[in-house]
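What follows is a short report on a single structure.
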Amino acid sequence: MPKISGQTQLLGVIGDPIEHTLSPAMHNAALEYLGLNYVYVPFWVKPQQLGVAIAGLEALNVVGFNVTIPHKETILPYLADVSDLAQQVGAVNTVYRSEKGWVGTNTDVHGFLAPLRQQSCLWSEIAVLVLGYGGAARAVVTACYDLGCRQIYISGRQRERLGAFVASWPQITLHPLLWSERATCLAKISLVVNTTPIGMSPHTGATPLTAEDLAKLPATAIVYDLIYKPRPTLLLQLAMARGLQTFDGLAMLLHQGAAALEYWLGQPAPTAIMATALETALGTEK
Numbered sequence: 003m004p005k006i007s008g009q010t011q012l013l014g015v016i017g018d019p020i021e022h023t024l025s026p027a028m029h030n031a032a033l034e035y036l037g038l039n040y041v042y043v044p045f046w047v048k049p050q051q052l053g054v055a056i057a058g059l060e061a062l063n064v065v066g067f068n069v070t071i072p073h074k075e076t077i078l079p080y081l082a083d084v085s086d087l088a089q090q091v092g093a094v095n096t097v098y099r100s101e102k103g104w105v106g107t108n109t110d111v112h113g114f115l116a117p118l119r120q121q122s123c124l125w126s127e128i129a130v131l132v133l134g135y136g137g138a139a140r141a142v143v144t145a146c147y148d149l150g151c152r153q154i155y156i157s158g159r160q161r162e163r164l165g166a167f168v169a170s171w172p173q174i175t176l177h178p179l180l181w182s183e184r185a186t187c188l189a190k191i192s193l194v195v196n197t198t199p200i201g202m203s204p205h206t207g208a209t210p211l212t213a214e215d216l217a218k219l220p221a222t223a224i225v226y227d228l229i230y231k232p233r234p235t236l237l238l239q240l241a242m243a244r245g246l247q248t249f250d251g252l253a254m255l256l257h258q259g260a261a262a263l264e265y266w267l268g269q270p271a272p273t274a275i276m277a278t279a280l281e282t283a284l285g286t287e288k
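Under the working numbering, the first residue of the sequence shown is numbered 3, with each subsequent residue one higher.
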């Protein structure tokens with residue numbers, strides 16, 4: 003436990019719900035390792051209290067904070083400035099102080115890309131299937147566009163929401179697929195990304211793609227599930243059984259958190275310490 007004094011600086015994360023967040027575990031481990039008098043705490047903020055909460059965090063001299071569901075998009079009007087990347091994504095997950103006030107940025111894109119940048123892929127020849135059209139999907143689309151991926155397919159259940167998502171990216175050609183059509187493009191897909199909650203605890207027996215679906219993918223395809231509990235998800239179990247390369251959401255959580263910490267502290271984050279803390283937290287969760 004960190005030692006709290008009158009000089010302790012505050013960092014945190016806001017969300018609703020917030021009780022299952024792993025961010026305090028990795029950030030407090032990093033802060034302790036660095037020998038800094040900081041503490042990182044979760045704040046349960048209801049949507050109708052967001053504006054009051056942002057003002058309160060400023061009044062309490064909080065140094066910075068992360069933003070999670072459901073506030074990543076609705077927080078934008080409460081910030082003094084928003085980075086170009088966060089504007090492109092349309093979502094903020096990291097907030098830090100400036101002379102003007104709170105500044106929002108997005109480190110989810112960096113976190114998502116971290117394991118992919120280690121792959122020797124010719125991204126300009128890669129076609130991607132993104133399952134889902136929520137806030138996480140926006141970060142994934144931005145990342146895939148930055149990689150220069152050849153084609154990006156988006157699949158979701160509701161035609162209207164799917165159309166609105168595609169229309170919100172005028173600078174990118176996205177290929178929409180209704181959920182019932184999601185398996186039709188798999189033969190040419192080299193990267194599948196699940197941004198939906200399908201397969202997340204406690205619904206661990208669910209998967210957005212079946213073994214039959216995954217059999218249509220090329221043998222060199224990568225399956226990336228943003229869920230990290232359970233580890234692995236049924237989707238990743240099926241992909242591994244098929245011999246496909248897989249990533250879960252823990253690497254994304256780690257690297258977005260490390261990037262956020264560097265915004266707040268102005269020094270490199272101890273990613274190895276943070277990774278160990280995440281693994282420990284996952285192992286001890288009930």
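All C-beta atoms, glycine included, are put in the ideal place defined by N, C-alpha and C.
What you are looking at is a predicted structure, and each value in this text was computed from that prediction instead of being measured.
Per-residue DSSP class, three states only, for G92: coil
At what residue ranges does the stretch 84-150 contain a whole run of the beta strand (DSSP E), taking only runs of 3 or more? 96-100, 103-107 and 129-133
Could you tell me which residues DSSP pairs with H177 in its beta bridges? Y155
Have a look at A271, T282, G201 and V69 and flag the residue whose alpha-carbon is nearest the alpha-carbon of A32. A271
When the Cβ atoms of the stretch 121-130 are set against those of the stretch 186-200, are three or more pairs found closer than 8 Å? yes
Whose C-beta lies closer than 6 Å to the C-beta of H22 among residues of the same chain, with five residues either side of it excluded? none
Which residue spans inside the stretch 14-48 form an unbroken beta strand (DSSP E) run of at least 3? 40-46
Along the chain, where does the beta strand (DSSP E) that runs through I224 open and close? I224 to D227
Buried or exposed, going by whether 16 or more other CB atoms sit within 10 Å of the CB of T212? exposed
Where does L12 sit, in a helix, a strand or coil, going by DSSP? strand
Can you find at least 3 beta carbon pairs, one from the stretch 96-111 and one from the stretch 240-253, that sit closer than 8 Å? no
For the alpha helix (DSSP H) that contains G268, what are its first and last residues? No alpha helix (DSSP H) holds G268; DSSP gives it neither H nor E.
Which class does G66 belong to by DSSP, given the choice of helix, strand or coil? strand
By how many angstroms is the C-alpha of D250 removed from the C-alpha of L284? 13 Å
Just the Cα atoms here: how many angstroms apart are P79 and I6? 33 Å
Could you tell me the alpha carbon to alpha carbon distance between Y147 and A169, rounded to whole angstroms? 15 Å
Beta strand (DSSP E) containing Q247: first to last residue? Q247 to F249
Local conformation of L238 per DSSP, three classes: helix
What residues in its chain sit with their C-beta under 6 Å from that of V111, if we drop five residues either side in the sequence? A141, T144 and A145
Among residues of its own chain, excluding the 5 on either side of I56, which ones have a beta-carbon nearer than 6 Å to its beta-carbon? Y80
Consult DSSP for L193 and reduce its assignment to one of helix, strand or coil. strand
Beta-carbon proximity of L87 to N108, cut-off 8 Å: yes
Nearest CA to the CA of I275: which residue from L36, W104, V43 and P172? L36
To which residues of the same chain is E127 closer than 7 Å at the C-beta, ignoring the five residues directly before and after it? R152
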